[in-house]
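One structure is given here, and the rest of the page talks about it.
Numbering (the working numbering), first residue to last: 397 to 1613.
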């Protein structure tokens, strides 16, 4: 971007296409290798370590990825600005369910048998093909978002060196005794045919409606023929029932149903869940649940009667609750965690026995459950209920709506199922996990303390094995009898044990390898078939991405733990957890120091974003429409950086452009326009000189204020970014843009335009440049594109060379010398008064252009009034008032207060007490309010109510209609709204100025462009004409151009723009011309405008409705008659045999032979129409011919005019002269 011309600097467009400019910046970064140069620049500086959580490349990035990526990019860019060397490596999660599930769907693989038929090698090759399906798109989208990260030096979990480090990690855990094999009831995905860990199962809960059945378990030998009543929402588990469980201490009852006479046993407090109303039952007996211990009952089915000696009896445990069901919980030990634990403790099952699990890997019933064999368990619910009903065991069938876990990958319901797995012990190190977690810093902190802390306190042993194929194989070789186990920790180690050297560690490369037994004559050891859970791989990434400990171990340990990581709140039970577990188990330390947690990005309606529902805009469409910077700032300046949810709304991104970027760009553009003006008017080449600015400090209060505000902001940003509080930094940065554009620039326009001399203009330009440059550097991590665009132009105004990119620049340090707290306070108070005044003007619909007589500022504090007094000139100017009065006596002006509650905030907080507090607030007198305001809060009905929760209403006791009053609960401002003729006339002059300035802007003129401004007033005896004459010097002084009535000399000037507007009931036409003369027709002429209701004929498509006509004969010089004019119109537009009228401006009079005067029509536009009036809108007559023309010398020596086209767009041959 070294080829920016001076014209590109001074004639910056009024509006900017942000996405298009970003593309240019991106090309510059790529061509100049700016990111790579940043890394070279920082080489040798202190390291700042960052871990990037690996996404899967089997899908495209969504807003969650973009949000987390933006947070990471901001923090790492800022770290570079602070003088650190920040390596940023991208990582890819390549193994596991996301990939396998895609292949299973594509190849219609239903289970392990299908994989066995095609072979693991072929299956894994298919996985390998798609694993990086969208890698190019990821790189393109991440890059377009402005995120700088190294894709070339990436890590992938499928790299052999990465997998080798996984083996090393596992061997360390194995050596510590943390690894064991066991059977555990776990969340199980039937679609993916694998168990999931507890944290995986918690990632995708949905509200569903399931069957809820009450089933009878007749008690063997009961004198009343009583039956236990169990309740379950998983009828498919009933065929595997081996016991029932009750709470030993809670009260149970034997009840007789009135209608049927049947006797049931259930928890007393749950009777109504089945038998609604006391009239429907009689309690025969009450007793504690412990009395039921050991009671035997008739099995529901005969499939597992062989367990009758130990099963089909009542067990007791305190996990049974009073909240749902009947208090009798049916036990299927291999389909429920508590079921398994209770049955194991009571001898119903043993650890080493066969698993009572008649469900295969795909979730279908198998032998011995013959009645439902081959049916998917969820589908079998109805058949099971039907069979129970036929056998008289169904008491009641109903439905229940509840939250149920779904597979995070396949989005299918999970079941709980006993699975043999390899586990890492976690439960024994809960305290260590909490201790290591306590050494980390989280933003926001509450996520660590509550959500994450609770998860750690209840941490379970981690099932790390998956019965799958595409993953890192578990490196355990076991003898057939299971007594000899070898854990392999590296490729070299495998070669030492087996004599086989491998280069790849996937199953197809190592499953065949055998390790000879250490016992002579024993068969060789074979590898167990499982692979690692992909979360084990991503949780090991700090070590594996560096191939630790096989390469550079000392360098790794010097930079471990990481300084920073960031991901979404869903990773509290995912990546954050697995990182901590592995690091704590290996080194008893946390793997990171600082962590930013982001919330979830939801659709605008609050629902989860869904491709199927198409309830959100595509991220790249938003980027192409508004730019990446706008999307970045929208996301970062939202609740998601506080780990709260964001309802994504495209208009929010648009508002960033409107409210932040365009005002910022306009201030930037204003600087360059006035540098150009300075050079043209003063003949001085402006260049910013930091030494000059430091030595010749401006004493102007606004310069001192904005510099102080900048230095305070730098201090604030440094402190808050050190604490990783992005949610406090971004609002302050955007507020600074508002202070710069809506306050400093607007209030200093005259100074920046040089109206107070060269020296003062230097001060103003230096201050604006200094602040804009600092702003660009501060915002660079947040909006990398726009800051680059601005920096590349700002650096050309510097007297010192500033080469390269803005991202090579370090963050400036705050200079405390220039922080002036008193001036910042005074300006804030001045702004408060101005903003209150603006609100009052809006209430009365009194535009700021119309001056008012007086503003009164009321406050008890003398310091407050002194601050306002010191800046009263700005208040008078901003509010356009003639006089300011400062007072500490509100009553003097007859102003009283009443209070109202803020219903929204107080209602939510006080809930049931709100009505009482609301009534008390309404009863507060003026004296009560005054007294309570003084203490800084309100004490009402026993509650502390903050000032922000109260609305104060100011009213005039005397009913003074000429005043408006408004307050921010601190200062009271009164505005005299009495109309004054002199002030109203000045307001009209300001209206004229406003119209001129807008028209200049529309014509894309800059302040230094020399122009002439003409005006025409039509439509009666107008105040506007009078004001234009009486206030001409005021108008000229403001617009910096001559302002005169339209006269004959104007016809010789090229028109740059012309527009007619209504103002106070008349038409004001403003014509802005170039001061240079232009050629005008030598002959008198008129323009012709054809009505939309008439169709021109004999013309090319599309036809033209505009033409021009000479009012005299080209050769003879004689004036046209009305009949000749009429015939010319017919000829030009092909209107033969069409009846039409010709109307003249400005009043639309109809021309005929009697009223026709060619001299009076010169330079007018005639309207050709079927109607009898000029159009109501879109009618802007031109001061020059519509058709292109040239003046020529005729054969007889006369100077005349010929048209080169007529109608417009229809070329004419050169005429004979």
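Glycine is no exception: its CB is placed at the ideal position from the N, C-alpha and C atoms. Since the model is a prediction, treat every value here as computed from it, not as a measurement.
Buried versus exposed, by CB contacts within 10 Å (16 or more), residue i
i	result
residue 994	buried
residue 719	exposed
residue 558	buried
residue 1300	exposed
residue 735	buried
residue 589	buried
residue 1173	buried
residue 683	exposed
residue 576	exposed
residue 1207	buried
residue 1239	exposed
residue 833	buried
residue 908	exposed
residue 601	exposed
residue 498	buried
residue 484	buried
Where residue i sits in the DSSP three-state scheme
i	result
residue 1070	helix
residue 987	coil
residue 1307	helix
residue 1230	helix
residue 1402	coil
residue 577	strand
residue 1508	strand
residue 1423	helix
residue 739	helix
residue 979	helix
residue 1578	coil
residue 629	coil
residue 1643	Outside the displayed range of the chain (397 to 1613) lies residue 1643, so it cannot be described from this structure.
residue 835	coil
residue 1082	coil
residue 1532	coil
residue 588	coil
Opposing strand residues paired with residue i [DSSP bridges]
i	result
residue 582	813
residue 825	Residue 825 pairs with nothing; no bridge assigned.
residue 663	648
residue 1362	1369
residue 519	Note: residue 519 sits in no beta bridge, so no partner.
residue 992	839, 962
residue 1561	1483
residue 1457	1464
residue 1669	Summary: the structure shown does not reach residue 1669, with the chain confined to residues 397 through 1613, and so no result is reported for it.
Supposed close pair residue i, residue j - CB separation, criterion 8 Å
i	j	result
residue 492	residue 930	3 Å
residue 1015	residue 459	6 Å
residue 808	residue 585	7 Å
residue 1671	residue 490	This structure cannot settle anything about residue 1671, because the visible part of the chain is limited to 397 through 1613.
residue 1391	residue 1466	6 Å
residue 812	residue 581	5 Å
Distance cut-off 6 Å: residue i Cβ against heavy atoms of the ligand ADP
i	result
residue 1281	Only the bare structure without any ligand can be found here, which leaves the ligand ADP out of the picture.
Any C-beta of chain D under 7 Å from that of residue i
i	result
residue 1560	Looking at the structure shown, chain D is missing, and only one protein chain is on hand.
Per the contact definition of three or more C-beta pairs closer than 8 Å, is the stretch 982-998 in contact with the stretch 1033-1053? The stretch 1033-1053 makes contact with the stretch 982-998, as at least three CB pairs between them are under 8 Å.
The stretch 1409-1418 touching the stretch 1362-1375, judged by at least three CB pairs closer than 8 Å: no
Would you check if the stretch 889-900 and the stretch 843-856 touch, i.e. whether three or more CB-CB distances between them fall below 8 Å? no
Would you be able to state if there are at least three C-beta pairs under 8 Å between the stretch 567-583 and the stretch 957-970? no
With contact counted as at least three CB pairs below 8 Å, one residue from each stretch, are the stretch 1282-1301 and the stretch 1240-1256 in contact? yes
Does the stretch 743-755 come within contact of the stretch 722-731, defined as at least 3 CB pairs closer than 8 Å? In short, these stretches touch, since the Cβ pair count reaches three.
The stretch 1176-1183 / the stretch 1022-1039 touching (three or more Cβ pairs under 8 Å): Segments in contact, yes.
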